[in-house]
Amino acid sequence: MTTPADASGSFTLGDLTVNRLGYGAMRLTGKGVWGPPRDRDECLRVLRRAVDLGVNFIDTADSYGPFVSEELIREALHPYDGVVVATKAGLLRTGPDEWTPLGFPEYLRQECEMSLRRLGVDTIDLFQLHRIDAKFPAEDQIGELLKLQQEGKIRHIGLSEINVEQLEAAQKVAPIVSVQNMYNVTVRTAEPLLEACEAQGIGFIPWFPLAAGPLAAPDGPLQRIAADHDASASQLALAWLLKRSPVMLPIPGTSKVAHLEENVAAAGIELSDDEFETLSKAGSADQ
């Protein structure tokens with residue numbers, strides 16, 4: 011039986027095959043990505059509905075809440091039958107909207123151990139370094155993740171907010187199956203990294219995927235093309251990402267079931283080559 015998310019196509023992270031349209035769990039928290047969400051029951055419904063719709067790649071982090079997102083994911087979905095749960099470590103939280111890189115290797119190990127406990131697993135499918143901390147050698151941070159991988163505590167290693175040079179350096183230390191950088195139709199500074207990922211078959215997870223700026227204005231190209239597809243501007247932004255590259259794994263997030271269903275429906279939108287180029291050119295002009 012096919013699901014709405016199946017329409018996005020699949021991608022294999024190492025040895026884990028997922029539907030390309032996933033779910034980002036940062037919004038399952040309070041204001042400023044701090045504390046519990048306003049409607050906890052709705053957040054649990056979102057997670058379960060995502061899986062019902064065929065979403066089998068869920069991205070979170072220990073810093074979301076902190077800890078709140080991971081705990082909700084366990085409550086809603088454990089034992090994760092067929093669902094790949096990716097988490098991250100490397101950002102210290104001291105208050106709402108406060109994010110401090112902390113890549114001390116022993117801290118990364120501690121956070122991995124705690125994520126294992128919160129998620130209720132023996133092995134984390136994909137463990138990502140949330141930021142490379144300039145205060146410590148990058149090879150020590152990635153090297154600690156390699157040790158955890160060798161111990162069987164993490165299955166695959168990913169990185170977040172890096173450039174091509176940092177990816178190449180990291181690959182000399184450990185195998186990297188994914189990167190996660192800001193990328194959307196109007197923000198494409200990570201284009202060289204995306205191209206490197208395409209060449210090597212590395213998953214590219216764009217965060218903040220729905221940003222469209224002026225393109226989403228009532229008379230903008232997103233809205234005009236969306237009208238032709240009986241879709242929303244946000245759905246078109248996701249459809250553009252899915253068409254942009256076969257290694258693209260968008261993870262739109264929400265705390266509302268209705269918004270989730272709208273996002274996942276974007277997997278079924280097929281842009282023509284002309285529509286894709288129109289949006290690409292408009293997005294470039296907007297930068």
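Residue 11 is where the sequence shown starts when you use the working numbering, and the numbers rise one by one after that. The beta carbon of each residue, even a glycine, is placed where N, CA and C say it ideally should be.
Cβ-Cβ distance between residue i and residue j below 9 angstroms
{"i": "Asn273", "j": "Pro262", "result": "yes"}
{"i": "Phe114", "j": "Phe137", "result": "no"}
{"i": "Val78", "j": "Pro111", "result": "no"}
{"i": "Gly64", "j": "Ala15", "result": "yes"}
{"i": "Pro202", "j": "Asn173", "result": "yes"}
{"i": "Phe218", "j": "Leu204", "result": "no"}
{"i": "Gly230", "j": "Ala292", "result": "yes"}
{"i": "Lys182", "j": "His140", "result": "no"}
{"i": "Asp148", "j": "Gln190", "result": "Residue identity check: residue 148 is Ala in the sequence provided, not Asp. Their beta carbons are not under 9 angstroms apart, which means Ala148 does not touch Gln190 by this criterion."}
{"i": "Leu225", "j": "Gly32", "result": "no"}
{"i": "Glu161", "j": "Arg128", "result": "no"}
{"i": "Cys122", "j": "Leu87", "result": "no"}
{"i": "Asp132", "j": "Trp44", "result": "no"}
Nearest to residue i (by Cα), restricted to the options the options
{"i": "Ala199", "options": "His88, Leu26, Val94, Ser294", "result": "Looking at the sequence provided, one finds Thr at residue 199 rather than Ala. Checked all of His88, Leu26, Val94, Ser294; the closest Cα to Thr199 is Ser294."}
{"i": "Gln245", "options": "Arg119, Leu220, Glu121", "result": "Leu220"}
{"i": "Arg119", "options": "Lys182, Ala35, Gly153, Ala268", "result": "Gly153"}
{"i": "Tyr74", "options": "Leu252, Pro185, Ser125", "result": "Ser125"}
{"i": "Leu232", "options": "Pro185, Thr196, Met11", "result": "Thr196"}
{"i": "Gly211", "options": "Pro224, Asn191, Val187, Asp240", "result": "Val187"}
{"i": "Glu271", "options": "Leu289, Ser242, Ser282, Asp283", "result": "Ser242"}
{"i": "Asn66", "options": "Arg50, Gly19, Trp109, Lys41", "result": "Gly19"}
{"i": "Ala299", "options": "Ala35, Arg254, Leu289, Asp240", "result": "The question about residue 299 has no answer here: the residues shown for the chain are numbered 11 through 297."}
{"i": "Lys301", "options": "Glu116, Arg48, Gly92", "result": "Absent from the structure is residue 301, since the part of the chain shown begins at 11 and ends at 297."}
Residue i to residue j span [Cα, whole Å]
{"i": "Pro89", "j": "Gly130", "result": "8 angstroms"}
{"i": "Val95", "j": "Asp69", "result": "6 angstroms"}
{"i": "Leu248", "j": "Lys157", "result": "36 angstroms"}
{"i": "Asp62", "j": "Phe286", "result": "29 angstroms"}
{"i": "Thr27", "j": "Ile167", "result": "15 angstroms"}
{"i": "Gln151", "j": "Asp135", "result": "18 angstroms"}
{"i": "Leu251", "j": "Gly278", "result": "13 angstroms"}
{"i": "Arg84", "j": "Asp284", "result": "43 angstroms"}
{"i": "Ala6", "j": "Gln159", "result": "Look at the range of the chain in this structure, 11 to 297, and you will see that residue 6 is not part of it."}
{"i": "Ala237", "j": "Pro228", "result": "10 angstroms"}
{"i": "Arg234", "j": "His269", "result": "21 angstroms"}
{"i": "Arg50", "j": "Leu169", "result": "29 angstroms"}
{"i": "Glu171", "j": "Ile142", "result": "8 angstroms"}
{"i": "Lys253", "j": "Tyr193", "result": "14 angstroms"}
{"i": "Leu281", "j": "Leu38", "result": "30 angstroms"}
{"i": "Gly24", "j": "Ser290", "result": "30 angstroms"}
{"i": "Gly42", "j": "Asp91", "result": "31 angstroms"}
{"i": "Ala71", "j": "Pro185", "result": "20 angstroms"}
{"i": "Asp240", "j": "Thr264", "result": "21 angstroms"}
Cβ of residue i within 9 angstroms of any chain B Cβ
{"i": "Ile134", "result": "This model lacks chain B altogether, as it is built from one protein chain only."}
The stretch 102-110 contacting the stretch 55-65, beta-carbon criterion three pairs below 8 angstroms: no
Please specify which runs of the alpha helix (DSSP H), each continuous and at least 4 residues long, are wholly inside the stretch 64-150, giving them in chain order. 78-87, 115-129
Go through the stretch 161-196 residue by residue and report every complete run of the beta strand (DSSP E) that reaches 3 residues or more, in order. 164-170, 188-192
At 4 residues or longer, and completely inside the stretch 188-272: list those alpha helix (DSSP H) runs for me, N to C. 201-210, 231-238, 243-254
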